[in-house]
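These notes are about the structure you will find just below.
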Amino acid sequence: MKKLILFFSCFVLISCAELQQVVNTLPQGGAMDPTMIANGLRQALDFGIDKQVTRLTQKDGFYKNNLVKILLPQELQKVDKTLRDIGLSSLADEGLKLLNRAAEDAVKEATPIFVDAVKGITFNDAKNILLGSDNAATNYLEGRTNSALYAKFNPVIQNSFQKVGADKVWANIITKYNTIPFVNPVNPDLTDYVTNEALDGVYTMIGVEEKKIRNNIASRTTTLLRQVFALQD
Numbered sequence: 004m005k006k007l008i009l010f011f012s013c014f015v016l017i018s019c020a021e022l023q024q025v026v027n028t029l030p031q032g033g034a035m036d037p038t039m040i041a042n043g044l045r046q047a048l049d050f051g052i053d054k055q056v057t058r059l060t061q062k063d064g065f066y067k068n069n070l071v072k073i074l075l076p077q078e079l080q081k082v083d084k085t086l087r088d089i090g091l092s093s094l095a096d097e098g099l100k101l102l103n104r105a106a107e108d109a110v111k112e113a114t115p116i117f118v119d120a121v122k123g124i125t126f127n128d129a130k131n132i133l134l135g136s137d138n139a140a141t142n143y144l145e146g147r148t149n150s151a152l153y154a155k156f157n158p159v160i161q162n163s164f165q166k167v168g169a170d171k172v173w174a175n176i177i178t179k180y181n182t183i184p185f186v187n188p189v190n191p192d193l194t195d196y197v198t199n200e201a202l203d204g205v206y207t208m209i210g211v212e213e214k215k216i217r218n219n220i221a222s223r224t225t226t227l228l229r230q231v232f233a234l235q236d
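In our numbering, the protein residues as written are 4 to 236.
Shown next, in the form of structure tokens:
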């Protein structure tokens with residue numbers, strides 16, 4: 004029920020005394036040893052990363068996932084159409100695929116950075132998150148980590164462009180487009196664009212897991228998860 008990543012991050016930082024304070028805010032009869040709660044949060048984070056965020060790092064983790072697939076920004080949609088109109092569909096397809104490849108590669112390298120970034124979150128808003136909407140933890144996490152994660156993801160995305168060859172492909176695409184008569188030249192900041200799209204993808208998939216645990220008891224696949232998240236039912 005509560006958002007995976009946010010909660011485990013809290014676990015990393017929070018003492019048993021603080022956890023007990025949260026337990027005291029729960030409904031009567033729902034108290035549990037704070038160590039068990041902390042372990043449950045850790046397990047939830049492990050499941051969230053294994054099931055969702057790690058999935059994004061695999062080949063086609065973005066490209067073949069309609070929830071997070073990175074499409075072209077508005078400025079480049081006309082580029083894509085023009086290239087296809089003049090018989091360069093394969094180049095356009097490759098350019099789109101490599102944007103997603105860069106995100107897949109970046110998330111793989113940046114997952115530890117992501118986990119580290121959420122360590123600073125405290126339990127101050129824990130009750131509201133526990134008893135909040137299906138994506139309350141995800142929204143809280145995004146609000147507290149987006150800026151810091153952007154700063155971390157951006158250079159990784161830039162390096163990923165070079166690693167997967169996206170920089171050369173897109174330089175070729177944009178050069179070809181800009182030499183077409185009567186078109187307005189473009190020079191998009193693809194690093195910024197893909198960084199934001201990659202971050203959105205991470206939060207989207209975290210939200211998927213949060214909603215599953217909040218609403219589907221069957222998604223609590225261990226005794227510990229059932230005990231801990233039952234407190235929020």
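Glycine included, each C-beta is placed from N, C-alpha and C at the ideal position. All figures in this text were calculated on a predicted structure; none of them were measured in a lab.
query: Whole runs of the alpha helix (DSSP H) within the region 177–225, excluding any shorter than 4 residues; result: 193–218
query: Within 8 Å, strictly: CB atoms of G204 and A139; result: no
query: Cutoff 7 Å; reference S222; Cβ partners in own chain excluding five residues on either side; result: K215 and I216
query: Whole-angstrom distance between W173 and E145, CA atom to CA atom; result: 30 Å
query: Coarse secondary structure for Y143, derived from DSSP in three states; result: helix
query: Distance CB(P76)-CB(P188) smaller than 8 Å; result: no
query: At least three beta-carbon pairs within less than 8 Å, the region 160–178 to the region 193–201; result: yes
query: C-alpha gap between V56 and V186, whole angstroms; result: 40 Å
query: Nearest residue (CA-CA) to V159, options S136, R147, K111 and T178; result: K111
query: For N162, three-class secondary structure by DSSP; result: helix
query: For I73, the nearest candidate out of R58, P115 and L101 (CA to CA); result: L101
query: C-alpha gap between Y66 and E200, whole angstroms; result: 12 Å
query: Under the three-state DSSP convention, the category S136 falls into; result: coil
query: Inter-residue spacing [alpha-carbon to alpha-carbon] between S93 and I183; result: 18 Å
query: 6 Å Cβ shell around A95 - same chain, five flanking residues per side excluded; result: D83, L86 and R87
query: Residues of its chain near I52, where Cβ-Cβ distance is below 6 Å and the 5 sequence neighbours each way are ignored; result: none
query: Pair within 8 Å by beta-carbon distance, L91 and K179; result: yes
query: Top-ranked residue by Cα proximity to L202, from A151, I220 and V231; result: A151
query: Candidates Q80, S163, T198 and T141: closest to Y206 by CA position; result: T141
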